[in-house]
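Quick notes on the structure that follows.
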Amino acid sequence: QKEVEQNSGPLSVPEGAIASLNCTYSDRGSQSFFWYRQYSGKSPELIMFIYSNGDKEDGRFTAQLNKASQYVSLLIRDSQPSDSATYLCAVNMNSGYSTLTFGKGTMLLVSP
Amino acid sequence: EAGVAQSPRYKIIEKRQSVAFWCNPISGHATLYWYQQILGQGPKLLIQFQNNGVVDDSQLPKDRFSAERLKGVDSTLKIQPAKLEDSAVYLCASSSSSLHEQYFGPGTRLTVT
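So the sequences go chain by chain: A and B. The first sequence begins at 1 in the working numbering and counts up by one. The second sequence begins at 1001 in the working numbering and counts up by one.
If you want it as structure tokens, here you go:
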């Protein structure tokens, strides 16, 4: 069973702090990794993707990938109350097609 | 660029009734996905189309769920007959054939009573 694991949270951080969201996956051959943000009652919104080991930065967001440890993380700098949402980690597990396996998501709460 | 369109946005039916959902992907996107998302869970892939063909339907309950994608554009997902446990949000997503990034539509919230 190929799995993606996330802590369900909630992860509570004060406004302006760094939020760190973590994800592990079971398939060592996984190729690509995605972070989606989902506000309550809304559909998932793609915010970051990463294919290679290391860090990838986009504005306040940084995705970090360590394939040896089968670990991917999302850092949100200068967290804002508007960042409060559920963050879904999704992994393409060694497929010739773009099939994604999603984790259950981590709820992030940013307090003013 | 228009996003993924879905309809209806909400549907309430009684168990054993049938229901159909419609999806129009982003223009030019060859790959279309249907997901089921139960409250508190991540999306679960039901079926994936590449143009007209089915790539993955391993998690589709084929005794009651069916899907088609005629002409490689729009798609419909049908449930017949519905069960209480089918209450969920049904999400449609699309991606271009050369990229893996998937973009989601607004979803259809189904309540089975």
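A virtual CB, placed ideally from N, CA and C, is assigned to each residue, including glycine.
- Less than 8 Å divides the Cβ of serine 1087/B from the Cβ of threonine 1111/B.
- Taken atom to atom, the span from the alpha-carbon of glutamine 1050/B to that of proline 44/A is near 21 Å.
- Put simply, of Pro1081/B, His1029/B, Gln1048/B the residue whose alpha carbon is nearest the alpha carbon of glutamate 1068/B is Gln1048/B.
- Along the region 79-111 of chain A, going in chain order, the ones with a CB nearer than 7 Å to a CB of chain B are Leu88, Asn92, Tyr97, Ser98, Thr99, Leu100, Phe102, Gly103, Lys104, Gly105.
- Closer than 8 Å at the C-beta level to chain B, one finds no residue of the region 57-78 of chain A.
- Annotation for threonine 99/A: no beta strand (DSSP E) segment contains it, and DSSP assigns it neither H nor E.
- The beta carbons of serine 98/A and histidine 1029/B sit about 11 Å from each other, so the pair does not count as a contact at 8 Å.
- When the five nearest sequence neighbours on each side are left out, the beta carbons in the same chain lying within less than 6 Å of the beta carbon of serine 1075/B are those of Cys1023, Leu1032, Arg1069, in order along the chain.
- The beta carbon of glycine 9/A is closer than 7 Å to those of Thr106, Met107, Leu108 in its chain, skipping five residues each way along the sequence.
- Under the 8 Å Cβ criterion, the region 17-30 of chain A counts as touching the region 56-72 of chain A, having at least three qualifying pairs.
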